[in-house]
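S.K.: Here our numbering is used: the first residue of the sequence shown is -11, the next is one more, and so on. Questions regarding the structure given below will be posed in turn.
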Amino acid sequence: MQALTGVDLDAYKSPQLRRRLDGYLNRLHIATWGEFHRQTSGNAEAFYQLRDYLAINVSSFFRDPKKWAELREAVLPALHRVGLPLTAWSAACSHGAEAYSLAILCQEDANLRQSRIIGTDIDQAVLQQAKAGGPYTADEVKNVAGASFARWFKEEGGSYYVLPALRSRVQFMPMDLLQSKYHNHFDLILCRNVLIYFTENAKRQVLTNLAEALKSRGVLFIGATETIPHEQELGLARVGISFYQRA
């Protein structure tokens, strides 16, 4: 599978991954992976579709609203440095909802409007959706406040799209957290509800790389149900539930 798709499945928790792979075969009405390989041999598109399926793409705008409120009210003001724009990275950004959520907060704060935000993901299909600013479902945008929704979104055919003025504030690019070289010197990194799918060894390596990608005093924002054990060994200090700061 790694040779065919470029994804190292050994880094993912086996039971979850096996259920997901079994579901993919059932969807295609194919009995075995041997049969899948025979039917799709030489069909590059089939393997791109499989690779995209292996990426977990459950996301929404302002997921866990209380955590985003804490980010807006406490973390971002503390990170702001006079005369310096904020640099932020949404890692494993899926279809861009969290990267755009951060962009909304920055654009609605006069001190943060020049912030630089990038979003990365292994899945090319969701990156294309992110770059296009949608479409997003009503459920995915339900946590966007009314005034912000009116300012940054448009409705089209029952779906919702981010307006160009906000799209221009985020840059999206492909990246595999398990294999790619990380960029450095971020004030803020969002890597939320991703680590739960990795084995302990893979999780530790990703966390080490994320910590090293932070500036001094930079903050890592993870999922509401995630924790980082022995964070001091990574040079991090817990500054709140879901928030860790580089010492």
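Glycine residues also receive a C-beta, built at the ideal position from the N, C-alpha and C atoms. Note that the structure is a prediction, hence the values are computed from the model and not measured.
1) Enumerate in chain order the residues of its own chain whose CB-to-CB distance from residue 173 is below 7 Å, with the five nearest sequence positions on each side excluded.
2) Taking Cβ positions only, does residue 28 come closer than 9 Å to chain C?
3) In this structure, does DSSP put residue 170 in helix, strand or coil?
4) When you compare the CB positions of residue 224 and residue 193, do they come within less than 9 Å of one another, or not?
5) If you follow the alpha helix (DSSP H) that residue 196 is part of, which residue opens it and which one closes it?
6) Please tell me whether residue 63 and residue 92 are closer than 9 Å, where the distance is taken between their beta carbons.
7) Is the segment 132 to 152 close to the segment 104 to 111, with three or more CB pairs under 8 Å?
8) Tell me whether residue 75, by its Cβ, gets closer than 8 Å to a heavy atom of the ligand GTP.
9) If you draw a straight line from the C-alpha of residue 152 to the C-alpha of residue 6, how long is it?
10) Let me make sure I understand the geometry here. Which of 29, 189, 88, 119 has the alpha-carbon closest to that of residue 48?
11) With C-beta atoms as the reference, is residue 158 less than 9 Å away from residue 211?
12) Between which two residues does the alpha helix (DSSP H) holding residue 58 run?
13) On the DSSP letters alone, give me the boundaries of the beta strand (DSSP E) that residue 108 sits inside.
14) Ends of the alpha helix (DSSP H) at residue 237?
15) For residue 100, I'd like the list of residues in its chain whose CB is within less than 7 Å of its CB, leaving aside the five on either flank, ordered along the chain.
16) For the beta strand (DSSP E) that contains residue 144, what are its first and last residues?
17) In three-state DSSP terms, what is residue 183?
18) Just to check my reading of the structure: residue 78 and residue 178 have Cβ atoms closer than 8 Å, yes? What is that Cβ distance to the nearest angstrom?
M.R.: Taking the structure as given:
1) For the purposes of this step, residue 173 is taken as the residue at position 185 of the sequence shown. So the qualifying residues of the chain are 75, 203.
2) In the displayed structure, chain C is absent; only one protein chain is listed.
3) In the sequence shown, residue 170 corresponds to position 182, counting from 1. Coil, per DSSP.
4) Position 236 of the sequence shown, counting from 1, holds the residue named residue 224. Position 205 of the sequence shown, counting from 1, holds the residue named residue 193. No.
5) Position 208 of the sequence shown, counted from the start, is the residue given in the question as residue 196. Element bounds for residue 196: 188 to 201.
6) Within the sequence shown, the letter at position 75 stands for residue 63. Within the sequence shown, the letter at position 104 stands for residue 92. Cβ atoms of residue 63 and residue 92: not closer than 9 Å.
7) no
8) Among the components of this structure there are no ligands whatsoever, and the ligand GTP is therefore not found.
9) Locating residue 152 in the sequence shown gives position 164, where the first residue counts as 1. Locating residue 6 in the sequence shown gives position 18, where the first residue counts as 1. When rounded, the distance between both Cα atoms is 40 Å.
10) Position 60 of the sequence shown, counted from the start, is the residue given in the question as residue 48. Ranking 29, 189, 88, 119 by Cα distance to residue 48 puts 88 first.
11) Position 170 of the sequence shown, counted from the first residue, corresponds to residue 158. Position 223 of the sequence shown, counted from the first residue, corresponds to residue 211. In this structure, residue 211 does not lie closer than 9 Å to residue 158 by Cβ.
12) Here residue 58 corresponds to residue number 70 of the sequence shown, with the count starting at 1. That run of the alpha helix (DSSP H) goes 53 to 58.
13) By 1-based counting over the sequence shown, the position of residue 108 is 120. That run of the beta strand (DSSP E) goes 104 to 109.
14) The structure shown has nothing for residue 237, since the chain only spans -11 to 235.
15) Position 112 of the sequence shown, counting from 1, holds the residue named residue 100. 64, 68, 74, 94.
16) For the purposes of this step, residue 144 is taken as the residue at position 156 of the sequence shown. Here the beta strand (DSSP E) through residue 144 covers 141 to 144.
17) Position 195 of the sequence shown, counting from 1, holds the residue named residue 183. Three-state result, residue 183: helix.
18) Along the sequence shown, one-based indexing puts residue 78 at 90. Along the sequence shown, one-based indexing puts residue 178 at 190. At roughly 5 Å, the Cβ-Cβ gap stays under 8 Å, so residue 78 and residue 178 are in contact.
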